[in-house]
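*Asks:* My structure is below; once you've seen it, I'll send some questions.
There are 2 protein chains.
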Amino acid sequence: MEKKAEYTHSFYLTAGEAGAQSTMPLTLLVQRVIEVATEHANALNIGYATLASHGVAWVLSKISVEMQRYPAINEQYSLTTWIESYNRRFCDRCFALTGSDGVTIGHIRTVWTAIDVRRRCMADLTEFERDTFPLSERPCPVEKTPRLPALPDNASAQQYTFRYCDIDFNRHVNSVRYLAMVLNHWTMDHFDNNTIRHIDICYHRECYFGETVQLRVATRDRVSDCEIARDGTRAVGVRIIWAPRVQKC
Amino acid sequence: MEKKAEYTHSFYLTAGEAGAQSTMPLTLLVQRVIEVATEHANALNIGYATLASHGVAWVLSKISVEMQRYPAINEQYSLTTWIESYNRRFCDRCFALTGSDGVTIGHIRTVWTAIDVRRRCMADLTEFERDTFPLSERPCPVEKTPRLPALPDNASAQQYTFRYCDIDFNRHVNSVRYLAMVLNHWTMDHFDNNTIRHIDICYHRECYFGETVQLRVATRDRVSDCEIARDGTRAVGVRIIWAPRVQKC
């Protein structure tokens, strides 16, 4: 199979997949990003099956999403991905999201790391052939995911315990479920009036079935800093930049 | 476009979509069922767009799933759907799920109803052209979804409040989120040792953002009866039939 530096998958947003504002939910967008990254890695022979045979698995480490708008119900959209750079620890992978009119409506920047499944630590990617990582020169306008500063003491706090449907094949909490947990902090009214223009997520530590974590949120102007912490140590950091939702007439 | 009585969509189970047991989660299966039903309805011109222009939307009313096995990571599978019967209130739609070896590994039976989006009551489908519902003679071995009996007084009880990510474009709780709420009742150990051979779900009443419901579960032998109730009235009834999970050597 030819190892292409860019890979594109086209989708169609069905009504049942849409969120309360009749557009693509951010959770589904992140799910699609993971799916398309996996498909491209599989095509490059650095996917699930190859890594699993070495006891290694890809894990999403950072993601930044910047959207001009989200696909609407019944809209055809496509996600194109490419590898920007890599070293023996990390792989930087970018994405462009194109709407049905052919206009790019968002970009996504991700960092992936490989973990040793049994020892639950970072794996070394040098043993995988270097020429299986074809790079693309295509620019991605999203800046590298920044590290979230410590939250102020007056940040709000809620508890959550991870259950069966939060867990993925790596036996840790699914990347998308942390995001859902953060988004569930806000009211429907807030989402009716605001949209997420930009989000940064840093996955620092794995969480497991049955663990209870604390979600802390501090909002100033249009920026919400959020942290999921276990025993006082940050597991996931999230920064959301909100924009007013333009109401249709 | 030709109105075909059967519609098939092929998928590929990526690693990131798999559950903790490295197979297709039941929540994803129900999501795919809804997606494929929507695509077929769209192709028949009785989909989201057509109904929305009449202020009407399809809602899943009942679903029964019977599985011999679930697709594995990196397995290609396909879902075929057909309309078995309909009247002015309901549409009975069935599905066959085929694994990568071409063998049918499960069947699904669903009942759909149309709701008047503004008045939140059942809509009448007679105004939609009858010839847009081509029927198939293909048999579906899954029996009609039974009504769950009242739960015993000693059933377990837990509370849950619906949040933003639980809500869909119809502005009520997403069919799949009720199921996740039910499945989250059990431990990881239970799912490592048991698989769902059969499930029946009846959606009786809509739930909305911010509502707090009670999940009650009563298990006897290999059958778990579950109820999601709001103010003592059943919103969703679920019966699960478990089978021991066959461990791989």
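Chains as they are written, first to last, in my numbering: chain A, 1 to 249; chain B, 250 to 498. By construction, the Cβ of each residue, glycine as well, lies at the ideal position given by its N, Cα and C atoms. Predicted, not measured: the structure shown is a model, and the values here were computed from it.
(1) If I measure Cβ to Cβ from B:Ile357 and keep anything under 6 Å in the same chain, skipping five residues before and after, which residues do I get?
(2) With C-beta atoms as the reference, is A:Tyr164 less than 7 Å away from B:Asn433?
(3) On the CB-based measure, 16 or more other CB atoms within 10 Å of its CB, does B:Gly459 come out buried or exposed?
(4) DSSP has A:Arg109 in a bridge; who is on the other side?
(5) Counting only the same chain and skipping the five closest in sequence on each side, list residues whose C-beta sits under 6 Å from that of B:Cys475.
(6) Hey, is A:Thr98's beta-carbon within less than 7 Å of any beta-carbon in chain B?
(7) Does the beta carbon of B:Ala267 come closer than 7 Å to any beta carbon on chain A?
(8) Could you pull out every unbroken alpha helix (DSSP H) segment of at least 4 residues lying fully inside the segment 407-462 of chain B, listed in chain order?
(9) When Cβ atoms are compared, which residues of the segment 48-69 of chain A fall closer than 7 Å to chain B?
(10) Which word fits B:Gln407, buried or exposed, when buried means at least 16 other C-beta atoms lie within 10 angstroms of its C-beta?
(11) Measure the Cβ-Cβ separation of B:Ala399 and B:Arg446 and say whether it is below 7 Å.
(12) For B:Val352, count the other beta carbons within 10 Å of its own beta carbon; 16 or more makes it buried, fewer makes it exposed. Which is it?
(13) Excluding sequence positions up to five away, which residues of its chain have a Cβ less than 6 Å from the Cβ of B:Leu384?
(14) Give the straight-line distance between the Cα atoms of B:Cys451 and B:Val495, rounded to the nearest whole angstrom.
(15) Could you tell me whether the Cβ of B:Asn443 comes closer than 7 Å to any Cβ of chain A?
(16) With a CB to CB cut of under 6 Å and the five nearest residues on each side skipped, what residues in its chain are close to B:Thr444?
(17) Might you give, ordered along the chain, the residues of its own chain that have their beta carbon closer than 6 Å to the beta carbon of A:Val223, omitting 5 neighbours on each side?
(18) Measuring straight from C-alpha to C-alpha, what distance separates A:Arg118 and A:Gly55?
(19) Using beta carbons (cut-off 7 Å, strictly below), is B:Tyr413 in contact with chain A?
(20) Can you give the Cα-Cα distance for A:Thr81 and B:Asn323, rounded to whole angstroms?
(21) May I ask which residues mark the beginning and end of the beta strand (DSSP E) holding A:Leu79?
(22) Using Cβ-Cβ distances below 7 Å, what residues of the segment 168-190 of chain A are close to chain B?
(23) For A:Leu60, which residues in the same chain have their Cβ closer than 7 Å to its Cβ, ignoring the five residues on either side in sequence?
(24) Can you tell me whether B:Lys311 is buried or exposed, with buried defined as 16 or more other CB within 10 angstroms of its CB?
(25) Please classify A:Asp153 as buried or exposed, where buried requires at least 16 neighbouring CB atoms within 10 angstroms.
(26) So which residues of chain A does B:Phe504 contact, with C-beta pairs closer than 8 Å?
(27) Counting only Cβ pairs nearer than 9 Å, list the residues of chain B close to A:Glu206.
(28) Does any residue of chain B have a CB that is nearer than 7 Å to the CB of A:Phe209?
(29) With 16 other CB atoms within 10 Å as the buried threshold, where does B:His421 fall?
(30) Rounded to whole angstroms, what is the Cα-Cα separation between A:Ala180 and A:Gln214?
(31) Excluding the 5 residues flanking A:His9 on each side, which residues of the same chain have their C-beta closer than 7 Å to its C-beta?
(32) Is A:Asn45 closer than 7 Å to A:Thr132 when the C-beta atoms are compared?
(33) Using a Cβ cut-off of 9 Å, pull out every chain A residue sitting near B:Ala406, in sequence order please.
(34) Identify each residue in the segment 279-290 of chain B for which the Cβ-Cβ distance to at least one residue of chain A is less than 7 Å, and report them in chain order.
(35) Can you look up B:Gly265 in the DSSP assignment and give me helix, strand or coil?
(36) Classify A:Pro71: buried if its beta carbon has 16 or more other beta carbons within 10 angstroms, exposed otherwise.
*Replies:* Taking the definition as stated:
(1) For B:Ile357, where only same-chain residues beyond five positions count, the Cβ hits under 6 Å are Val282, Val314, Phe344.
(2) Yes. Within cutoff.
(3) Exposed.
(4) According to the DSSP secondary-structure assignment, A:Arg109 is paired through a beta bridge with A:Ser64, A:Cys94.
(5) So the qualifying residues of the chain are Val431, Val466, Val487.
(6) No, A:Thr98 lies away from the interface with chain B (no Cβ there is under 7 Å from its Cβ).
(7) Answer yes: the Cβ-Cβ gap between B:Ala267 and chain A drops below 7 Å somewhere.
(8) DSSP runs (the alpha helix (DSSP H)) wholly in the segment 407-462 of chain B: 424-432, 437-442.
(9) For the segment 48-69 of chain A, residues whose beta-carbon sits nearer than 7 Å to a beta-carbon of chain B comprise Tyr48, Ala49.
(10) Exposed, since its Cβ has fewer than 16 Cβ neighbours within 10 Å.
(11) Against a cut-off of 7 Å, the Cβ pair of B:Arg446 and B:Ala399 comes out as no contact.
(12) Label assigned to B:Val352: exposed.
(13) Cβ neighbours of B:Leu384 beyond the five flanking positions: Ile332.
(14) Near 29 Å, if we compare the C-alpha coordinates of B:Val495 and B:Cys451.
(15) Closer than 7 Å: no.
(16) Scanning its chain for C-beta atoms nearer than 6 Å, with the 5 sequence neighbours on each side dropped, one finds around B:Thr444 the residues Ala492, Arg494, in chain order.
(17) If we look at A:Val223 and ignore the five residues flanking it on each side, its Cβ neighbours are Ile241.
(18) If you draw a straight line from the Cα of A:Arg118 to the Cα of A:Gly55, it comes to about 7 Å.
(19) Yes, B:Tyr413 lies at the interface with chain A (some Cβ there is under 7 Å from its Cβ).
(20) Whole-angstrom Cα-Cα distance: 19 Å.
(21) Segment 76-86, the beta strand (DSSP E) holding A:Leu79.
(22) From the segment 168-190 of chain A, only Asp168, Phe169, Arg171, Ala180, Leu183, Asn184, Trp186, Met188 have a Cβ closer than 7 Å to chain B.
(23) Within the same chain, and ignoring the five residues on either side of A:Leu60 in sequence, the residues whose Cβ sits closer than 7 Å to its Cβ are Ile34, Thr110, Trp112, Ser175, Tyr203.
(24) Buried is the call here.
(25) Exposed: under 16 other Cβ atoms inside 10 Å.
(26) In the structure as shown, chain B starts at 250 and stops at 498, and residue 504 of chain B therefore has no counterpart that could be examined.
(27) Result: empty, since nearest Cβ-Cβ is about 13 Å, beyond 9 Å.
(28) Chain B places a beta carbon closer than 7 Å to that of A:Phe209, counting this residue as a contact.
(29) Buried: at least 16 other Cβ atoms inside 10 Å.
(30) For A:Ala180 and A:Gln214, the distance between alpha carbons rounds to 14 Å.
(31) Apart from the 5 residues on each side of it in sequence, A:His9 sits with its Cβ closer than 7 Å to the Cβ of Val36, Glu39, Ser78, Leu79 in its chain, given in chain order.
(32) In contact: A:Thr132 and A:Asn45 (Cβ atoms closer than 7 Å).
(33) Residues of chain A passing the Cβ test: none, with the nearest at roughly 16 Å.
(34) Using a CB distance below 7 Å, the part of the segment 279-290 of chain B facing chain A consists of Ile283, Glu284, Thr287, Glu288, ordered along the chain.
(35) Helix, per DSSP.
(36) With at least 16 other beta carbons inside 10 angstroms of its own, A:Pro71 counts as buried.
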